[in-house]
Amino acid sequence: MDDIVKQAMAKWPNVPHCYGWLALDARGHWRMRDEATQHAGLPGDRLENEKLVGFINRNYLHDERGNWYFQNGPQRVYVNLEAAPFIARTDPQQGLLLQTGQALTAVEHVFLSDAGAVLFAAGEVVAQLDDRDVAQVLGQFTLDGRSASDEAVMAWLGGGAGTLALPWQGKVFTVERVADADLAQRFGFNRMPAP
């Protein structure tokens, strides 16, 4: 957290929290959502200012209830999550790069949702893979030690037998099934924080 944010929190400790105005989309973009956008259920305007995005990324945290927020000075701006708290992209040098700019190097688990989303977990970090990189990662899956075709992956996802695995950065991870509807509960995050 930035020092200026810590100072503002100490100076103004009782600033009301903000809900619904900031969102993280499934491609890792921060989106500003005014009242009209919120009422219409629209994603909002993509934030393009590099300094603002960097400030959000450095001050992105979660509370004890699994709500993710951006600490904007003394105010918590809670984030609506389209997918998961983090979105990852593949990176040739670092493996996976989160929307915050941090590398996700110590992957512990790999999941495939019934909606076809690939998720990586490491400690408190749960990152859904950007859909533009899914085909690249799915192409590396193996089923019972052999290269897995798209059809074989779909059959496995539908409850088929066998061990689906992902060779990733020198390790082989057994892929676990997860229902998209259960993601938030399973990983302890809220997609739509509310007061």
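Oh and the sequence shown: position 92 is 96 in the working numbering, straight run, nothing missing. Note that the Cβ used here is the ideal one computed from N, Cα and C, for glycine as well.
### Query
Just curious, the alpha helix (DSSP H) that Asn61 is in, first and last residue?
Counting from one through the sequence shown, the residue named residue 61 turns up at place 57. In the DSSP annotation of this structure, the continuous segment of the alpha helix (DSSP H) that includes Asn61 starts and ends at 54 to 62.
### Minimum C-alpha distance to Glu128 - residue among Gly99, Gln11, Leu65, Gln98
Counted from its first residue, the sequence shown places residue 128 at position 124. That would be Leu65, whose Cα lies nearest to the Cα of Glu128.
### Query
If you count every other CB in all the chains shown that lies within 10 Å of the CB of Gln103, and 16 or more means buried, which is it?
For the purposes of this step, residue 103 is identified with residue 99 of the sequence shown, where counting begins at 1. Per the 10 Å Cβ criterion, buried.
### Task
On a CA-only basis, which of Ala88, Phe74, Asn76 is nearest Asp2? Give me that one, please.
Past the boundaries of the shown model lies residue 2; the chain is included only from 5 to 199, so the question cannot be answered.
### Task
Would you kindly work out how many angstroms separate the C-alpha atoms of Gln206 and Arg80, rounded to a whole number?
Outside the displayed range of the chain (5 to 199) lies residue 206, so it cannot be described from this structure.
### Task
Check Arg190 in the structure and name its three-state DSSP category.
By 1-based counting over the sequence shown, the position of residue 190 is 186. Three-state result, Arg190: helix.
#### Entry: Nearest-angstrom Cα separation, counted from Gln75 out to Leu85
The sequence position of residue 85 within the sequence shown is 81, counting from 1. The sequence position of residue 75 within the sequence shown is 71, counting from 1. CA-CA distance, Leu85 to Gln75, rounds to 16 Å.
### Task
For the beta strand (DSSP E) containing Glu180, list its first residue and its last residue.
Position 176 of the sequence shown, counting from 1, holds the residue named residue 180. Run containing Glu180: 175 to 182, per the beta strand (DSSP E) assignment.
### Terminal residues of the beta strand (DSSP E) in which Gln79 lies
Taking the sequence shown and counting its residues from 1, one reaches residue 79 at position 75. Annotation for Gln79: the continuous beta strand (DSSP E) segment containing it runs 79 to 85.
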